[in-house]
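J.: For reference, the structure I am asking about is given below.
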Amino acid sequence: MANQQTQKLWKEFGSERKDIRRVVGTDLYSVEVYPEGYFRKFDPTKPFEKWAAVEVSEVKLVPEGMSQLILPEGLYAMFYFQGAAEGASKFYQYIYSEWLPGSAFSLDVRPHFAVMEEQYDPMDHDSEETIWIPVK
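Residue numbers for the sequence shown follow our numbering, so the first one is 1 and each next one is one higher.
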């Protein structure tokens with residue numbers, strides 16, 4: 001989190017996305033894969049995986065040089081966020097520090113992701129995304 005590379009990741013993915021065949025819908029997926037125990041003692045310098053993705057109808061259709069990620073099934077808490085990307089960190093802070101501890105759920109060790117429409121603009125205060133947090 002301290003070494004934010006999200007803009008670079010999406011720029012690179014955007015230029016290669018045209019090579020992906022059989023894309024399901026037009027939604028974009030921002031996926032984070034955190035190692036077990038990542039949130040026990042928060043340290044913004046701890047590494048994690050960040051993915052820019054789209055859904056495909058068949059895994060074998062992923063172009064050479066790209067990786068596949070299959071999201072495992074499970075229970076997710078879903079949140080709706082509207083605003084520029086700069087406001088998202090405060091929203092995530094609310095989820096992890098207020099909503100989750102006050103709920104009957106605990107964080108599960110599965111990918112976290114946000115779904116954005118194709119026209120999503122991180123600078124636009126009207127942009128919308130749906131945030132999915134794995135819970136158990």
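Note that the Cβ used here is the ideal one computed from N, Cα and C, for glycine as well.
1) The alpha helix (DSSP H) that contains residue 127, what's its start and end?
2) Taking only three categories from DSSP, how would you classify residue 7?
3) Below 8 Å CB to CB, which residues in the same chain sit around residue 60 once its five sequence neighbours on both sides are set aside?
4) Identify whether residue 95 lies in helix, strand or coil by the three-state DSSP scheme.
5) Considering only the beta carbon of each residue, do residue 98 and residue 27 sit closer than 8 Å?
T.: Reading off the structure:
1) Start at 1 with the first residue of the sequence shown, and residue 127 comes out as number 127. For residue 127, there is no enclosing alpha helix (DSSP H), as DSSP gives it neither H nor E.
2) Your numbering for residue 7 matches position 7 in the sequence shown. Here residue 7 sits in helix by DSSP.
3) Sequence index remark: in the sequence shown, residue 60 carries index 60 (1-based). Around residue 60: no qualifying Cβ.
4) Locating residue 95 in the sequence shown gives position 95, counting from the first residue. DSSP places residue 95 in helix when its eight states are reduced to three.
5) Within the sequence shown, residue 98 is the residue found at index 98, counting from 1. Within the sequence shown, residue 27 is the residue found at index 27, counting from 1. Taking 8 Å as the Cβ cut-off, residue 98 and residue 27 do not qualify as a contacting pair.
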